[in-house]
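Residue numbers (this note's numbering): 1 to 146. Working notes, structure below.
Below, the structure written as structure tokens:
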């Protein structure tokens, strides 16, 4: 059976990387972690469709697309924080410090129309922020600078 392995995200300790594969069932991507020392790939337990992984710089968190939701997993516990349905099939992206996640989202405006937002969500109890598109434009693929 042929499979597709894509979207690698390397661990900061250079001992492993996380990637997406549909090797279990075509069209149903899942996340795996490959360890260089043992040359083994281990599935990461998610609730189904998972794509676009990004490991945090400290290796503690994994941001990814969980179905249609931007999500962040604490790797030590497996706890998943589903942030929001982005409406754009886009994952959250982690800040270099690992304390914030940024993702695009749509939300109804006062007049009932959909407005595009970028959400900066705190993972450590600090305030979270939402920045709205002022001209009705679509916000896509926000990332952090380093």
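Note that beta-carbon positions come from the ideal geometry of N, C-alpha and C, so glycine has one too. For clarity, every value in this text was computed on a predicted model and none was experimentally measured.
Secondary structure note for residue 69: its beta strand (DSSP E) is the uninterrupted segment 69-74. Relative to the Cα of residue 106, the nearest Cα in the group 48, 137, 33 belongs to 137. Judged by DSSP in its simplified three-state form, residue 47 adopts coil rather than helix or strand. Shown here, residue 8 sits in a strand according to DSSP, grouped into three states. Residue 93 counts as buried, since at least 16 other C-beta atoms from the protein chains shown sit within 10 angstroms of its C-beta. In terms of Cβ geometry, residue 62 and residue 75 form a close pair [threshold 7 Å]. Membership of residue 39 in any beta strand (DSSP E) is not indicated, and neither H nor E is assigned to it by DSSP.
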